[in-house]
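Residue numbers (our numbering): -1 to 510.
For each residue, glycine too, the CB sits at the ideal point set by N, CA and C.
Here the structure is a predicted model, which means the values were calculated and not measured.
For reference, the structure is listed below as structure tokens.
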Amino acid sequence: MLAKKKFSMIKKVLVANRGEIAVRVMRSCKEMGISTVAVFSEADRTSKHVAYADEAYCIGAAASKDSYLCIDKIIKAAKDTSADAIHPGYGFLSENSTFSDRCTKEGIIFIGPSGETMNMMGDKISARIKMIEAGVPVVPGTKEPLKSVEEAENLCDKIGYPVMLKASAGGGGKGMRLIFSKSEVADAYNTARSESLSSFGDDTVYLEKFVEEPHHIEFQILGDTHGNVIHLCERECSVQRRNQKIVEESPSPFITPQLREEMGEKAVAAAKAVNYVGAGTIEFLVDKNRNYYFLEMNTRLQVEHPITEEVLGVDLVKEMLHIANGEKLRYSQSDIVQRGHSIECRICAEDTALNFMPSPGVVKQITEPQGIGVRLDSYVYEGYEIPIHYDPMIGKLIVWATTREYAIERMRRVLHEYKITGVKNNISYLRRIMDVKDFVDGNYDTAFIQNNSEFLLERETDGLVETEEIAMVAAYIDYLMNLDENSSGKSEDDRPISRWREFGRQKGVLRI
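Rendered as structure tokens:
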């Protein structure tokens, strides 16, 4: 049962991150009466998390290596502002063992696992070995780093195609290559190593048998400093583009109650095997016959954590803070019961027609969805310029409803209501996903985007044409309503600007 005792040793938290996750962490801190410190790069001076925090501290130039990835600058910011704890969010330094250990050395509470745990689970090869020892099923593959193209070719022949080449220190789809034949091995090996070295400073790669028709299923776990670990059920994360998730839901429409219980027990065993403390995620691949295999462990809060919060009524950031305070878990496994259904869509500034290329720029107008069962975790506002230096995610749109059918209906509605102009975005693309029969039926795996790409892109194009036509009509109506002003001889730049006129200009259809 949830404990009634309330106390807090943490008085001030520095959030070593930016954007929506920084704002999200600060909101929970605010509710707990904990002061917050924002750190920001020169490119993020006008970001929402800077204004939301109680204090803000500039840590350097726009490049991540000069700001959000600079441990010395973040530690200095914490000391200068007397912050007694640091929450790393996700990305950047969130899974950096050196950062975790440095915080501990400096007497600052790191809201997350120890550096030792990160090292065990952050290296994919050592994590596989540890999971085998804990009795957690793993995908057949190599136990040692690959040393040459020739070795990779020989092992691929032994494991059997298709195989997945992965960066040992990787994540977010970087350093991954799917190989179908021997002729592809050399190029995959060299490019994966290069990408891994560039992204993570480590070019170590290994091989795994590719699980065909796989579902990407992850289990949220919480562990305290007293040896207690529970799981908070699963999330279905199989809608991915370029190995990166864009739609997640909970519960999974594919997982049975019996399999949920079994996989949950293995997730807890995996966390206990590394003495895990804090919030983390055990990721599995589940094949079409519902055989499951350990994929990796993320030793941090996940982007998609809100859907777990919605179906369980648990604030994961607050639980991380309680754990960091040295408290015992406030929930037992029997307290964890999924209620209703939640779906999350990642809203990104990207051009879906150009292979999801990032599309930074100035946000002109925003109309945010509202209503029952709607949550929006975002950080942008009208007039904000999305910088080119960081991930293009604008925010996360989350819905909750009593059933999966109602949740899909609600997501369709809120994606229709959500309007962002000034930057290309994936809102209409996500709306099309909600109409795909395989998604509606819950009959999809990680090949969903690939299998439906023609339909999704074709419908996307249709939507853009409709939008341009609407803009043309609206611009003409605007012209008629301001006929006197338009006939005054003033140039177009001197005339009053309505939102419809501005929208028409953006689409290149305003000629009046």
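- Cβ-Cβ distances below 8 angstroms link VAL48 to ALA36, PHE38, ASP42, ALA54 in the same chain, with the five nearest sequence neighbours on each side left out; the list follows chain order.
- Beta-bridge analysis with DSSP links ASP349 to MET355.
- Around the CB of PRO212, 16 or more other CB atoms lie within 10 Å, so the residue is classed as buried.
- Considered as a whole, the segment 306 to 386 harbours 314 to 322 as its complete alpha helix (DSSP H) runs of no fewer than 4 residues, in chain order.
- Only residues of its own chain outside the window of five on either side were considered, and among them ILE57, GLY58 have a CB closer than 7 angstroms to the CB of CYS68, listed in chain order.
- In the DSSP assignment, GLN256 falls outside any beta strand (DSSP E) and lies within the alpha helix (DSSP H) extending over 255 to 271.
- Only residues of its own chain outside the window of five on either side were considered, and among them VAL13, ALA36, HIS47, GLY87 have a CB closer than 7 angstroms to the CB of ALA20, listed in chain order.
- Check the Cα spacing between ARG298 and each of SER179, TYR291, VAL275, ALA399: the tightest is with VAL275.
- LYS10 has its alpha-carbon roughly 9 angstroms from the corresponding atom of ALA76.
- Under DSSP, TYR290 shares a beta bridge with VAL284.
- With contacts defined by Cβ atoms closer than 8 angstroms, GLN238 and ILE447 form a contacting pair.
- In this structure, the CA atom of VAL147 is about 6 angstroms from the CA atom of ALA184.
- Within 10 angstroms of the beta-carbon of VAL203 lie 16 or more other beta-carbons, which makes it buried.
- Contact check for HIS214 against LEU314 fails: the beta carbons are separated by 8 angstroms or more.
- For MET174, there is no enclosing beta strand (DSSP E), as DSSP marks it with neither H nor E.
- The segment 156 to 169 and the segment 120 to 134 touch, with no fewer than 3 CB-CB distances between them shorter than 8 angstroms.
- The alpha-carbon separation between ARG100 and GLY110 amounts to approximately 13 angstroms.
- Residue environment for SER332: exposed (fewer than 16 other C-beta atoms within 10 angstroms of its C-beta).
- DSSP lists GLN238 as the bridge partner or partners of LYS243.
- Per the coordinates, the alpha-carbon of VAL360 lies some 8 angstroms from the alpha-carbon of GLU380.
- Between the beta-carbon of MET295 and that of THR279 there is about 7 angstroms, and that keeps the pair under the 8 angstroms contact cut.
- Relative to GLY393, the option among PHE437, SER426, ARG344 whose CA is nearest is ARG344.
- Under a 10 Å Cβ-count criterion, THR444 is classified as buried, with 16 or more other Cβ atoms of the shown protein chains found around its own Cβ.
- Across the structure, ILE127 and ILE341 are spaced so that their CA atoms are roughly 34 angstroms apart.
- Comparing C-alpha distances from VAL227 to each of ALA186, MET318, LYS141 shows the shortest one belongs to MET318.
- Around ALA267, the same chain offers ALA132, GLY133, VAL134 as residues with beta carbons nearer than 8 angstroms, after the five sequence neighbours per side are excluded.
- If you ignore the 5 residues before and after THR189, its C-beta comes within less than 6 angstroms of no other C-beta in its own chain.
- Counting only residues of its own chain and dropping the five nearest sequence neighbours on each side, GLU40 has a CB closer than 6 angstroms to the CB of ALA59, ALA60.
- By the Cβ criterion, the segment 216 to 234 is not in contact with the segment 423 to 435, since fewer than three pairs of Cβ atoms, one from each stretch, lie closer than 8 angstroms.
- Here the alpha carbons of ASP155 and GLY371 stand approximately 51 angstroms from one another.
- Burial of MET162 is indicated by the presence of at least 16 other C-beta atoms within 10 angstroms of its C-beta.
- Cβ neighbours of PRO385 within its own chain (closer than 8 angstroms, five residues either side excluded): ALA41, ASP42, ALA60, PRO358.
- LEU153: member of the alpha helix (DSSP H) spanning 147 to 157, first to last residue.
- Under DSSP, MET391 forms a beta bridge with CYS346.
- Taking C-beta atoms as the reference points, LEU230 and THR115 fail to come closer than 8 angstroms.
- In this structure, GLU348 and LYS422 form a Cβ contact; the two beta carbons are roughly 7 angstroms apart against a cut-off of 8 angstroms.
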